[in-house]
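The next block holds one structure in the form of C-alpha cells; read it before the comments.
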Amino acid sequence: KAYSGTMIGSKSALSRKSVVSSGASRKALVCKAVSAPPSTKLKNGVVYGQDLIDLMEHAQVNGYAIPAVNCTSSSIINATMESAKEANAPVMVQFSNGGGMAITGKAISNKDEQSAIAGCIAGAMHVRQVAKYYGVPVVLHTDHCAKKLLPWMDGMMKANKEFFEKEGEPLFSSHMLDLSEEPIPENLEICQKYLKEMKSMGILLEMELGITGGEEDGVDNSHVAKEDLYSKPEEILQVYEALEPIAPKGYSVAAAFGNVHGVYSPGNVQLTPSILGNAQKYIKEQKGLSVDKPVYFVFHGGSGSSREEIREAISYGVVKMNIDTDTQWAYWDGVRAYEAKYHDYLQGQIGNPEGPEKPNKKIYDPRQWTRSGELAIVERMKVAYEDLNCLNVL
C-alpha cells in the first residue's frame, strides 16, 4: 500500500539454530523467503520517510522481518552492516539510552541525558558516513525511551531538526517511545505529539503497547503481572485510531504477546503470536479496511523463541525484530576464541613460543581481536537472517 500522507521522502534474539518441527496447521503459517519482485527498487544507504515505509511494506508483503541490532560501539555497528551485506538484506542499527552513553564514553556524566544524546548522535553520524558503502538499506533507529527518558528523545529530535535544516533529511530514520508503563490514554497522547513532529521530517515512530518481560539495558520487567505481557485487539485498535490519521503507515507497534528480554532456552517462553493476527483482523473489520495487515508490528524480546514462533509472528505482520542478547554473546565469544588461540602470544609485549625476543604487537593489536568479535557477530546474524526469512530479499 502506497503511503498517502505528506511524510517527507528521501532525496531519491532469535532462535539459536533451532530446528523447526511443526504440525501441519502451523506449517502453513511459516512463510518462505522470497526475492524482491524485479520492479521493486529499495534505496540503499540510510533510509527514512517514504523509502523506509516502502521497505517496511516490502518486508510485510514478502513475508520477512528486518533484524534490528543494538549497537554500543563503531565495531558492532560495522559488524551489523557487514552482516547485512553478506545476507543481501536490509538491517536496522539501533541505539539504546545506555548504548549511547557507551559510545560517548563511560567517563562522561549523563547529567540531563547529555552523554546518551551525544553518543547516539555520534553513532548516527558514523552510520551516515559509511552505510552507503555496504550497498544495502540501513535504518537508523533508537530503542526504548520511557517517560523518564524523554529529555533524551528531545535532544535527538533537536539534532534531527538541525540536520534537516542543513541536509533536507533527518539524522535518524526512526525513534521508539516506550510508554507502556503509562495509562494507554497518556501513552497515545505523548505518541501523537511526537509523531506530528517526526512526520514533518520523515521520521517514523515505533511505540510499545503492553510490557515486554525480562530485563534489558537496566530495565527489569521480570516481575510484572502476566496479563500485562499480552496486548488486546481493542488496545491495538486504539493505537491505529490515534496514529493512523497523523501519519498513515508512518509508525509501528511493539505489541506484547508474551515476549521477554534476556537469555532463555527455547520452550521456556510462552508466546502467543496469534494475538497479532487477531488484532489485524479486528482492525480490518472495525474500520472496514480492504488490507489484511493494516499495522506494522515489531517483535521485542526474541530470546528463547523458536524459529516456528518467529515466522508465525512474521506471518501476522511483524516487520522488525530486535536482537541484542545473542549478538552480545557472539562478540564476546569471538574475542574469547581469539584469546584461546593466541593465549601464549598475549602474555607480554615481547616473548612467545617462537622465541623470548619475538614481538607480539600484531597479535595484541585491538584491531585483531575486535575483528574476531565482529566476524562472530556476522556468523550469528546469518542464523538471524534465516530465522527472519530475510536472506537475499534485495
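Following my numbering, the numbering of the sequence shown begins with 12 at its first residue and continues without gaps.
The C-beta atom is built at its ideal place from N, Cα and C for all residues, glycine as well.
Contact check, residue i vs residue j, beta carbons under 8 Å
| i | j | result |
| --- | --- | --- |
| Cys82 | Gly116 | no |
| Thr338 | Arg391 | yes |
| Lys158 | Glu193 | yes |
| Val58 | Val104 | no |
| Ser86 | Glu385 | yes |
| Pro359 | Met332 | Reading off the sequence shown, one finds Gly at residue 359, where the question assumed Pro. No, the Cβ-Cβ distance between Gly359 and Met332 is not below 8 Å. |
| Leu151 | Leu206 | no |
| Gly60 | Lys143 | no |
| Lys210 | Gly166 | no |
| Asn171 | Ile214 | yes |
| Met168 | Cys156 | no |
| Ile257 | Pro78 | no |
For residue j and residue i, believed in contact at Cβ under 8 Å, the rounded distance
| i | j | result |
| --- | --- | --- |
| Leu182 | Phe174 | 4 Å |
| Glu180 | Tyr145 | Not quite, the Cβ-Cβ distance comes to about 19 Å (not below 8 Å), so this is no contact. |
| Glu97 | Val302 | That belief does not hold up - the Cβ atoms of Glu97 and Val302 are roughly 33 Å apart, past 8 Å. |
Cβ neighbours of residue i in the same chain (closer than 7 Å, five flanking residues each side left out)
| i | result |
| --- | --- |
| Ile374 | Tyr353, Tyr356 and Leu357 |
| Ser383 | Gly345, Val346, Ala348 and Tyr349 |
| Ile119 | Ser126 |
| Asn121 | Met112 and Ala127 |
| Pro364 | Asp355 |
| Ala387 | Ala341, Tyr342, Asp344 and Gly345 |
Residues of its chain near residue i, where Cβ-Cβ distance is below 8 Å and the 5 sequence neighbours each way are ignored
| i | result |
| --- | --- |
| Leu287 | Ala266, Phe268, Phe308, Ala324, Tyr327, Gly328 and Val329 |
| Ser84 | Ala113 and Ile114 |
| Glu350 | Leu357 and Trp380 |
| Leu10 | Shown here, the chain extends from 12 to 405; a query on residue 10 therefore has no answer. |
| Asp53 | Here residue 53 is Leu; the residue named in the question, Asp, does not match the sequence. Taken in chain order, the residues that qualify are Ala47, Asp62, Asp65, Leu66, His69, Pro101, Pro148 and Leu405. |
| Gly110 | Asn81, Cys82, Thr83, Gly130, Cys131, Gly134, Asp154 and Asp228 |
| Tyr293 | Pro244, Glu245, Ile247 and Leu248 |
| Met136 | Leu182 |
| Ile361 | Pro367, Glu368, Lys369, Pro370 and Asn371 |
| Gln281 | Gly269 |
Extent of the continuous alpha helix (DSSP H) run through residue i
| i | result |
| --- | --- |
| Gln358 | Here Gln358 belongs to no alpha helix (DSSP H), and DSSP marks it neither H nor E. |
| Asn162 | Correcting the residue identity first, residue 162 is Pro in this sequence and not Asn. Segment Leu161 to Glu178, the alpha helix (DSSP H) holding Pro162. |
| Pro196 | Ile195 to Lys210 |
| Lys373 | Lys372 to Tyr375 |
| Ser242 | Neither: Ser242 is in no alpha helix (DSSP H) and is coded neither H nor E. |
| Leu287 | Ser285 to Lys298 |
| Tyr342 | Thr336 to Lys352 |
| Ser126 | Gln125 to Val141 |
| Ala95 | Ser85 to Ala98 |
| Ala265 | From DSSP, Ala265 is part of no alpha helix (DSSP H) but of the beta strand (DSSP E) over Tyr262 to Ala266. |
| Ile321 | Arg318 to Ser326 |
| Asn108 | Asn108 to Thr115 |
6 Å CB neighbourhood of residue i in its chain, flanking five on each side removed
| i | result |
| --- | --- |
| Met67 | Tyr307 and Val330 |
| Ala290 | Pro244 and Ile247 |
| Cys202 | Leu188 and Met218 |
| Trp343 | none |
| Thr283 | Phe268 and Gly269 |
| His186 | Thr153 |
| Ile435 | Because residue 435 is not part of the residues shown, which for the chain are 12 to 405, the question remains open. |
| Ala35 | Interpretation of Ala35 is limited by its pLDDT of 41, a score under 50 that renders its predicted location unreliable; no figure is taken from the coordinates. |
| Val230 | In this prediction, Val230 has a pLDDT of 48, which is less than 50 and means its spatial position is unreliable; what the coordinates show is noted afterwards. If we look at Val230 and ignore the five residues flanking it on each side, it has no Cβ neighbours. |
Start-to-end residues for the beta strand (DSSP E) that takes in residue i
| i | result |
| --- | --- |
| Gly213 | Where Gly213 is concerned, there is no enclosing beta strand (DSSP E), given that its DSSP letter is neither H nor E. |
| Gln408 | This structure gives no information on residue 408, because the portion of the chain shown stretches from 12 to 405. |
| Ser185 | Ser185 to Leu188 |
| Thr153 | Pro148 to Thr153 |
| Ile119 | That residue, Ile119, is in no beta strand (DSSP E); it is neither H nor E in DSSP. |
| Ile77 | Ile77 to Asn81 |
| Val309 | Phe308 to Phe310 |
Residue i: CB within 7 Å of a non-hydrogen atom of the ligand MN
| i | result |
| --- | --- |
| Lys243 | No copy of the ligand MN appears in this structure; indeed no ligand is present at all. |
- Query: Would you call the stretch 68-81 and the stretch 358-371 touching, i.e. three or more CB-CB distances under 8 Å?
  - Reply: By the Cβ test, the stretch 68-81 is not in contact with the stretch 358-371, since fewer than three Cβ pairs between them sit closer than 8 Å.
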